[in-house]
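Here the working numbering is used: the first residue of the sequence shown is -18, the next is one more, and so on. Only one structure is covered here, and it is reproduced in the block below.
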Amino acid sequence: MHVFDAAAVHAALPWPFLIEALRKAHFGPMPLSDVVVQSDPAGGEAQFVTLPGWAPGGPVVVKMVGVFPQNAALQPPQPAVQGLVALFDGKTGGPLLAADGAAMTARKTAADSALGAAILAREDVEDLLIVGAGALAPHFVEAHMAARPSLRRVTIWNRTAARAEAVAATLREKGIDTTVSNDLDRSVASADVISCVTMSDTALVKGALLRPGAHLDLVGAYLPHLREADDAALARGTIFVDSRNNMEGGGDLSQAVASGAITWESVKADLFELVQGKREGRTGRDQITVFKNNGGAHLDLFTASALSETLG
């Protein structure tokens, strides 16, 4: 069995390779997948999540991760999501590899959104806004820039400006033109691509401010009470999801459905339908596209399978 630490995961899964691997994987059927969520028995915010996935005739994945929002406040900070991903032979059950869960989650989650942007965002986008400055933020910048090489400028906004500046400094060291915003509304109005990677429980992005042709990527609101964009953003945009299997659990869509701003029929397609050409993506230059990144064990399986391919 092969073991990949975080550095080995990041090195083995460059963005162009992983985004293409996810695209190819979506030509196949949806794997069998499930999720088991346990909340902190002491009453805290933390959760432990187990996600098994099994491809027809293929391998089995089990992702075991803790979600500990308070980790960002530790000194030194730790990722909010960390654990292990294990891949097993689908015919014998034998273990094939184990990999760092935080690195695999970062790689999978960012590549999922990047594939959405590669399909839905305009080809001439230049300005990327990242809302949130957690551990995932730098990965989302690099993944989006790999998916849409026309992106030239990056803006980071975060409630805590110092954390936004820290992310921006890291990106500048890599030669990426990055600034920090202290005015989210103004930045939303000027961005071509907006990627929200937060744990917010209140809407941050105002749909009325979205410019024609913008692409909005919603990642963080994975629970019903969380929210990153308001009803107007969902109502103005054409909505797509990575998977219909998981779309009802997150707050952005479920709250907008509850308010009557949209219906579940407003979701036009998922990545399987888009990749396979069964549904259309962007149909006009001024169309606003919204992509809800819901995650799921099938994406962990696709990512672990791509990692396995690097072993030769």
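All C-beta atoms, glycine included, are put in the ideal place defined by N, C-alpha and C.
Proximity to residue i [Cα-Cα], best of the options
{"i": "S171", "options": "K5, L191, G293", "result": "L191"}
{"i": "S94", "options": "F221, V62, V106", "result": "F221"}
{"i": "G296", "options": "V122, A128, R140", "result": "What the structure shows of the chain is the stretch from -18 to 293, and residue 296 is not part of that stretch, so it cannot be assessed."}
{"i": "L13", "options": "W35, G75, G188", "result": "W35"}
{"i": "A(-11)", "options": "M85, E146, H206", "result": "M85"}
{"i": "V43", "options": "L(-1), D81, R208, G9", "result": "D81"}
{"i": "N52", "options": "A202, A102, P33, G25", "result": "G25"}
{"i": "V200", "options": "A239, H120, G241", "result": "H120"}
{"i": "E254", "options": "R266, R225, D267", "result": "R225"}
{"i": "G188", "options": "L152, T219, M180", "result": "T219"}
{"i": "R4", "options": "I111, A23, D223, V112", "result": "D223"}
{"i": "L165", "options": "G113, L77, S235", "result": "G113"}
{"i": "G293", "options": "V186, L78, K72", "result": "L78"}
{"i": "V169", "options": "G194, L110, E146, L204", "result": "L110"}
{"i": "D173", "options": "P193, T179, T151, D182", "result": "P193"}
{"i": "A6", "options": "T151, G64, V256, A216", "result": "V256"}
{"i": "S181", "options": "V161, L204, E209", "result": "E209"}
{"i": "G71", "options": "G64, P37, C177", "result": "P37"}
{"i": "A118", "options": "A102, P33, T179, I100", "result": "T179"}
{"i": "L204", "options": "L215, I175, S235, A67", "result": "S235"}
{"i": "A321", "options": "T270, R263, A202", "result": "Coverage of the chain is limited to positions -18 through 293, which leaves residue 321 absent and any answer about it impossible."}
{"i": "A98", "options": "P(-3), G64, V62", "result": "P(-3)"}
Residue i - DSSP class collapsed to helix/strand/coil
{"i": "V106", "result": "coil"}
{"i": "S286", "result": "helix"}
{"i": "K72", "result": "coil"}
{"i": "T31", "result": "strand"}
{"i": "R129", "result": "coil"}
{"i": "F8", "result": "coil"}
{"i": "K89", "result": "helix"}
{"i": "R134", "result": "strand"}
{"i": "I269", "result": "coil"}
{"i": "T160", "result": "strand"}
{"i": "G293", "result": "coil"}
{"i": "F121", "result": "helix"}
{"i": "G97", "result": "helix"}
{"i": "V256", "result": "helix"}
{"i": "Q51", "result": "helix"}
{"i": "L116", "result": "According to the sequence provided, residue 116 is Ala. The question's Leu does not apply to it. Coil."}
{"i": "L65", "result": "strand"}
{"i": "A170", "result": "helix"}
{"i": "A150", "result": "helix"}
{"i": "D251", "result": "strand"}
{"i": "D281", "result": "helix"}
{"i": "L(-6)", "result": "coil"}
{"i": "A2", "result": "helix"}
{"i": "A79", "result": "strand"}
Status (buried if at least 16 other CB within 10 Å, exposed otherwise) for residue i
{"i": "V(-16)", "result": "exposed"}
{"i": "N163", "result": "exposed"}
{"i": "K259", "result": "exposed"}
{"i": "K89", "result": "buried"}
{"i": "S131", "result": "exposed"}
{"i": "P40", "result": "buried"}
{"i": "E290", "result": "exposed"}
{"i": "A237", "result": "buried"}
{"i": "A92", "result": "buried"}
{"i": "T141", "result": "exposed"}
{"i": "Q19", "result": "exposed"}
{"i": "E104", "result": "exposed"}
{"i": "Q56", "result": "exposed"}
{"i": "G265", "result": "exposed"}
{"i": "D211", "result": "buried"}
{"i": "S240", "result": "exposed"}
{"i": "R322", "result": "This structure does not reach residue 322, given that the chain is present from -18 up to 293, and the question cannot be answered."}
{"i": "F49", "result": "buried"}
{"i": "A67", "result": "buried"}
{"i": "G74", "result": "exposed"}
Any chain C beta carbon closer than 7 Å to residue i
{"i": "R208", "result": "Absence of chain C from the displayed structure is noted, only one protein chain being present."}
Counting beta carbon pairs with one atom in the segment 227 to 236 and one in the segment 284 to 293, are three or more of them shorter than 8 Å?
Pairwise C-beta distances place the segment 284 to 293 out of contact with the segment 227 to 236, as fewer than three of them are shorter than 8 Å.
Say whether the segment 271 to 279 touches the segment 237 to 247, bearing in mind that this needs 3 or more beta-carbon pairs closer than 8 Å, one atom from each stretch.
no
Does the segment 149 to 165 come close enough to the segment 111 to 129 that 3 or more CB-CB pairs lie under 8 Å?
yes
Which runs of the alpha helix (DSSP H), 4 residues or longer, sit entirely within the segment 181 to 242?
212 to 217, 232 to 240
Give a yes or no on contact between the segment 196 to 216 and the segment 134 to 146, applying the rule of three or more CB pairs nearer than 8 Å.
no
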